[in-house]
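Step one of this worksheet: look at the structure below.
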Amino acid sequence: MSKLYIDIGSTYFKVSQKGNIEQYFRNFDKNILDDLNSKCSTIVNQYSKEDIHICSSANGGLSTLIVGLTNSFSLKYAINIAFNSGINIIDTVLYSKLESEPVPLEVIDVVIVVGGIDSVEKVFDEKLLNYLEKVNYQNITYVGSAKNRDFLIQNLENIVVLENIISDKLQIQEEALKHYLTDLYQSDIVGKEDIKQLYEITSNQIYSTPYIVNRSLPKINERLDVANPFIVVDIGGATTDIHYSRDLVNDNILTENGYDRLVFKKLGVYKSRESLVHTAKNNEFVFELLEYLNVTENILEEESTKATKTLMQLAIFLVLYKVSKHHGQYVELNLDILNSIVLTGGITKVLTQEEVEDIVLFFYKKILQFHHAPTTLLDSNYEIWTYGI
Numbered sequence: 543m544s545k546l547y548i549d550i551g552s553t554y555f556k557v558s559q560k561g562n563i564e565q566y567f568r569n570f571d572k573n574i575l576d577d578l579n580s581k582c583s584t585i586v587n588q589y590s591k592e593d594i595h596i597c598s599s600a601n602g603g604l605s606t607l608i609v610g611l612t613n614s615f616s617l618k619y620a621i622n623i624a625f626n627s628g629i630n631i632i633d634t635v636l637y638s639k640l641e642s643e644p645v646p647l648e649v650i651d652v653v654i655v656v657g658g659i660d661s662v663e664k665v666f667d668e669k670l671l672n673y674l675e676k677v678n679y680q681n682i683t684y685v686g687s688a689k690n691r692d693f694l695i696q697n698l699e700n701i702v703v704l705e706n707i708i709s710d711k712l713q714i715q716e717e718a719l720k721h722y723l724t725d726l727y728q729s730d731i732v733g734k735e736d737i738k739q740l741y742e743i744t745s746n747q748i749y750s751t752p753y754i755v756n757r758s759l760p761k762i763n764e765r766l767d768v769a770n771p772f773i774v775v776d777i778g779g780a781t782t783d784i785h786y787s788r789d790l791v792n793d794n795i796l797t798e799n800g801y802d803r804l805v806f807k808k809l810g811v812y813k814s815r816e817s818l819v820h821t822a823k824n825n826e827f828v829f830e831l832l833e834y835l836n837v838t839e840n841i842l843e844e845e846s847t848k849a850t851k852t853l854m855q856l857a858i859f860l861v862l863y864k865v866s867k868h869h870g871q872y873v874e875l876n877l878d879i880l881n882s883i884v885l886t887g888g889i890t891k892v893l894t895q896e897e898v899e900d901i902v903l904f905f906y907k908k909i910l911q912f913h914h915a916p917t918t919l920l921d922s923n924y925e926i927w928t929y930g931i
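Residue numbers for the sequence shown, in my numbering: 543 to 931.
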């Protein structure tokens with residue numbers, strides 16, 4: 543039977559039926575359902591609620607603070623799981639440095655506390671409680687040593703205790719935390735009043751778009767000429783996401799998933815434009831890149847089509863830089879063996895193939911010192927999300 547697929551983005555929503563996809567720029571003076579009905583009620587009314595499937599990235603993701611014992615295991619494992627669950631990491635703190643570290647000023651959606659294998663006792667004490675009293679957080683979960691659970695349950699209201707993510711053999715146990723974070727992300731989406739209203743037209747669960755895109759990756763080869771290993775870069779209005787094959791990761795983290803994702807909440811082109819510009823200005827290579835593009839720094843302050851193009855090109859460069867060996871904060875991808883880069887999202891309606899290839903080649907020459915770059919493909923019809931939904 544025919545299905546109707548709808549993706550609600552932070553800037554556009556997309557409607558797919560019978561292989562045809564249409565995009566609509568959102569009217570922010572209307573709620574999403576009213577805007578959707580005003581533009582394509584004729585299409586929506588042709589389908590029953592059972593045949594309408596919706597995903598959304600309009601919430602921009604959740605933020606987390608991670609407190610862990612070591613960089614090599616507890617923090618590393620928790621960071622990996624958080625990123626791959628669509629969570630934005632605001633800060634990480636080593637427990638040994640807790641008293642000297644500044645407390646995040648913004649509201650944190652979820653705090654993750656992790657450390658020690660299950661046989662280790664007295665990992666955390668009042669030092670953790672004193673620190674957390676100063677943090678403005680909405681959710682907290684503990685995924686560390688089983689012998690410290692009672693202390694935390696007794697002293698931290700509403701803490702969610704899950705399976706330790708570190709096994710006795712120092713391997714990652716990701717499923718419990720990943721499900722918890724994914725459910726939080728999902729709850730945040732459907733908790734938005736605009737998204738709740740969409741259940742008037744669908745009887746199916748509304749999923750996050752990054753989750754749906756990740757589900758599509760094993761099927762990409764059937765539709766696009768993509769060579770493994772590859773990444774999919776989804777540049778939108780609120781976030782920039784990278785979906786990648788785990789063949790690109792060199793670490794001691796063992797996982798059953800063949801593909802993972804990173805979400806960069808502050809690298810969107812519209813809703814997070816200011817943070818994108820701030821990140822660009824603080825990157826040592828960006829001014830050389832602007833000169834390469836034959837524009838001046840003033841372009842970052844302009845509101846024009848050319849400025850939007852430049853920002854999208856900068857987003858490509860910055861997200862590759864953040865997962866390269868030159869930047870240690872995120873998961874490092876082995877970009878020197880990368881064969882294909884697929885770009886999707888709003889960027890495909892703004893940049894040409896040549897404009898994208900220019901940036902990728904600049905990155906590979908300047909940062910990786912290569913004289914060649916991976917093949918670049920544009921999902922110009924913005925259909926990758928339909929493979930997974």
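Here a beta-carbon is modelled for each residue, glycine too, at the ideal position from N, C-alpha and C.
Q) In the DSSP assignment, what residue or residues form a beta bridge with E663? A) Per DSSP, E663 has no beta bridge partner at all.
Q.
Would you call the segment 576-586 in contact with the segment 551-560, where contact means no fewer than 3 C-beta pairs closer than 8 Å?
A. The segment 576-586, when compared against the segment 551-560, does touch it at the 8 Å Cβ threshold.
Q: Report yes if the C-beta distance between L885 and V873 is below 9 Å; otherwise report no.
A: Taking C-beta atoms as the reference points, L885 and V873 fail to come closer than 9 Å.
Q: Check whether the Cβ atoms of L712 and F615 lie closer than 9 Å to each other.
A: Cβ distance < 9 Å, so L712 and F615 count as in contact.
**Q.** 6 Å CB neighbourhood of N690 in its chain, flanking five on each side removed
**A.** Hits under 6 Å: V665 and F666.
Q. In chain order, what residues of the same chain have a beta carbon less than 8 Å from the beta carbon of A688, not counting five sequence neighbours either side?
A. Closer than 8 Å at the Cβ level, and outside the excluded window around A688, lie D660 and N706.
Q: Note down the Cα distance separating L546 from T918, rounded to an integer number of angstroms.
A: Per the coordinates, the alpha-carbon of L546 lies some 29 Å from the alpha-carbon of T918.
Q) If you count every other CB in all the chains shown that lies within 10 Å of the CB of G561, and 16 or more means buried, which is it? A) By the Cβ-count criterion, G561 is exposed, with fewer than 16 other Cβ atoms from all chains shown falling within 10 Å of its own Cβ.
Q) Can you tell which of S598, H595, C582 and E643 has the C-alpha that lies nearest to the C-alpha of V609? A) Comparing alpha-carbon positions, the option among S598, H595, C582 and E643 lying closest to V609 turns out to be E643.
Q: For L506, I'd like the list of residues in its chain whose CB is within less than 6 Å of its CB, leaving aside the five on either flank, ordered along the chain.
A: Here the chain covers residues 543 to 931 and nothing more, so residue 506 does not appear.
(Q) Just to confirm the assignment, what range does the alpha helix (DSSP H) spanning G930 have? (A) Boundaries of the alpha helix (DSSP H) harbouring G930: I926 to G930, taken from the DSSP string.
Q) Under the rule that 16 or more other beta-carbon atoms within 10 Å means buried, what is I548, buried or exposed? A) Looking at its Cβ environment, which holds 16 or more other Cβ atoms inside 10 Å, I548 is buried.
Q: For my contact list, D776 and G887 are in at a C-beta cut-off of 8 Å; report their separation, rounded to the angstrom.
A: Right, the Cβ-Cβ distance comes to about 4 Å (below 8 Å), so this counts as a contact.
Q. At what residues does the alpha helix (DSSP H) containing I901 begin and finish?
A. Element bounds for I901: Q895 to K908.
Q: Enumerate in chain order the residues of its own chain whose CB-to-CB distance from A718 is below 8 Å, with the five nearest sequence positions on each side excluded.
A: Excluding sequence neighbours, A718 sits near V685, L704, E705 and I707.
Q | Where the alpha helix (DSSP H) through N672 begins and ends | A | Run containing N672: E668 to E675, per the alpha helix (DSSP H) assignment.
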